[in-house]
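Comments concern the structure below.
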Amino acid sequence: MRELEMTYRRIADLKATFQQAAFNRTLNQTLEARGTLYLKKPGKLRWEYQTPAPQEVVSDGTRLWVYTPELKQVNVTDAPQALAGPAGSFLHGLGQVREHFQARFLNPAQPADPDGLLVLDLTPKAPQPLLARLILSVDPASWLVRKAVLYDAQGNTVTVRFLEVAVNPGLADTLFTFVPPPGVAVVPTPGMRP
188 MRELEMTYRR
198 IADLKATFQQ
208 AAFNRTLNQT
218 LEARGTLYLK
228 KPGKLRWEYQ
238 TPAPQEVVSD
248 GTRLWVYTPE
258 LKQVNVTDAP
268 QALAGPAGSF
278 LHGLGQVREH
288 FQARFLNPAQ
298 PADPDGLLVL
308 DLTPKAPQPL
318 LARLILSVDP
328 ASWLVRKAVL
338 YDAQGNTVTV
348 RFLEVAVNPG
358 LADTLFTFVP
368 PPGVAVVPTP
378 GMRP
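Residue numbering for the sequence shown follows my numbering, beginning at 188 and increasing consecutively.
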């Protein structure tokens with residue numbers, strides 16, 4: 188666990204492609220998506236979904252924008268509130284796993300999966316509204332997370348595979364600001380100025 192924390196403490200920014208599968212237990216339905224993500228300390232992120240439909244989720248650490256081109260709309264909310272908890276700040280949170288989670292190997296008798304990745308089972312020490320459990324598959328050579336499975340209290344899961352990971356590529360801060368295109372409706376959450 189210490190190696191994982193040390194690795195993510197040394198990362199200032201990160202770029203990766205991702206494959207995501209979100210399972211909705213109530214509907215018994217899985218939605219798949221692919222795209223590119225960019226992360227930068229402190230608290231900056233950009234998820235660019237290419238499939239099944241274009242969408243951008245962008246945060247400069249203060250505001251969070253969710254832009255859906257198909258709807259010609261961007262929703263704006265307070266980033267610290269929307270991204271609260273250890274799962275909300277991936278880079279920072281993984282640098283402090285033991286502070287926020289009870290951690291163990293998923294299978295202590297066989298810590299690695301068939302692909303040779305170490306599989307960690309993390310449970311939040313403090314209750315989290317959107318995260319009941321987190322399973323991380325970690326490359327033991329680089330200590331980078333290659334797969335994350337997030338479980339919520341309702342039994343829904345989101346599985347994210349991280350591919351083509353670039354560590355410390357020197358991402359510009361401008362990548363984490365969002366300027367609505369002309370004709371796009373800006374919808375702030377209550378109490379938020381657009």
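Every residue gets a Cβ at the ideal spot worked out from N, C-alpha and C, and that includes glycine. Only a predicted model underlies this, so the values are computations on that prediction, with no experimental measurement involved.
The C-alpha of A296 lies about 13 Å from the C-alpha of L307. Sequence-distant partners of P327 (beyond 5 residues in either direction) whose C-beta falls short of 8 Å from its own C-beta, in its chain, are A299, G303, L304, L305. Under DSSP, the beta-bridge partners assigned to G222 are F205, Y236. Within the same chain, and ignoring the five residues on either side of F210 in sequence, the residues whose Cβ sits closer than 7 Å to its Cβ are T217, N343, T344.
Here the C-alpha atom of W330 lies approximately 44 Å from the C-alpha atom of G370. Per the coordinates, the alpha-carbon of R221 lies some 22 Å from the alpha-carbon of D247. A direct Cα-to-Cα measurement between A266 and R250 gives close to 5 Å.
By the neighbour-count definition (other C-beta atoms within 10 Å, threshold 16), R233 is a buried residue. Boundaries of the beta strand (DSSP E) harbouring V354: 344-354, taken from the DSSP string.
Put simply, of V261, V332, R212, E286 the residue whose alpha carbon is nearest the alpha carbon of L350 is V332.
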